[in-house]
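Some notes on the structure that comes next.
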Amino acid sequence: ESVALLEKVLATTPNLPDARNILGLFQQKLGLHEEAVKNFREILKQDPSNTLAHYNLAVSYFNLNQPELAIKEIHAVRASASGSGRALEQVTIPAEELLGTIWLQQKDYSRARSQFQHLLTIAPRDFTALYNLGWLSGMDGNLAEGIQRLKIAVEVEPENAEAHLR
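Note that our numbering has the sequence shown beginning at 193, numbered continuously upward.
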């Protein structure tokens, strides 16, 4: 219902980037990533430096299995996002996590490791970085380091069952 309502509003008043962004987010939640891409691109036509639209576009590209386009959008986030405050928490950190996840998905473990280590310089207790560095250390046979990283990850997110299993 929300999607239909937002589409109706945007049909008559297309210059509402916040409404368009919310529509794109709802479409992402419904798995409608191609439609979401159209909305995020529309926002960027009007405001090429809209960091949130770049990040959301990266997420949709990732879900559409278009990692090169997702990486391009993450670079745009890096170029425009603030390194502090709400932007750091809401956009920069998730974008950095997504980039590490892309490298993992592509089995580029060296890049993934470097990315997650970089992320820890920004957010020292980032669960995604700690968890994946623990997993990567274990894959490399460095069990002590892997266990240490995973213990910290469990401290950060004690309810995360997967971290407990690793």
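The beta-carbon is built from N, C-alpha and C at its ideal position, and this holds for glycine as well. Owing to the predicted nature of the structure, the values given are computational and were not obtained by experimental measurement.
- In the three-state DSSP reduction, A271 falls in the helix class (H, G or I).
- Around the CB of D318, 16 or more other CB atoms lie within 10 Å, so the residue is classed as buried.
- Proximity to T284 across A271, L296 and I294 peaks at A271, based on C-alpha coordinates.
- Rounded to whole angstroms, the Cβ separation of L236 and H246 is 7 Å, and the two are in contact under 8 Å.
- Residues of the same chain with a CB within less than 7 Å of the CB of N213, apart from the 5 flanking positions on each side, are I235, L244, A245 and N248 in chain order.
- Note that the C-beta distance between V201 and F218 is not below 8 Å.
- Here D239 is actually not in contact with P206; their C-beta atoms are around 13 Å apart, not less than 8 Å.
- Only exposed fits E347, as fewer than 16 other CB atoms lie within 10 angstroms of its CB.
- In the three-state scheme derived from DSSP, where H, G and I count as helix and E and B as strand, E288 is classed as helix.
- Taking the C-beta atoms as reference points, L335 is found no nearer than 8 Å to A304.
- Here DSSP, grouped into helix, strand and coil, assigns Q307 to helix.
- Comparing C-alpha distances from I314 to each of L197, I294 and E281 shows the shortest one belongs to E281.
- When C-alpha distances from W295 are compared across K221, R341, N324 and L256, the shortest belongs to N324.
- In the DSSP assignment, T243 falls within the unbroken alpha helix (DSSP H) covering T243 to N255.
- Within the stretch 197 to 236, the alpha helix (DSSP H) runs of at least 4 residues that lie entirely inside it are, in chain order, 209 to 221.
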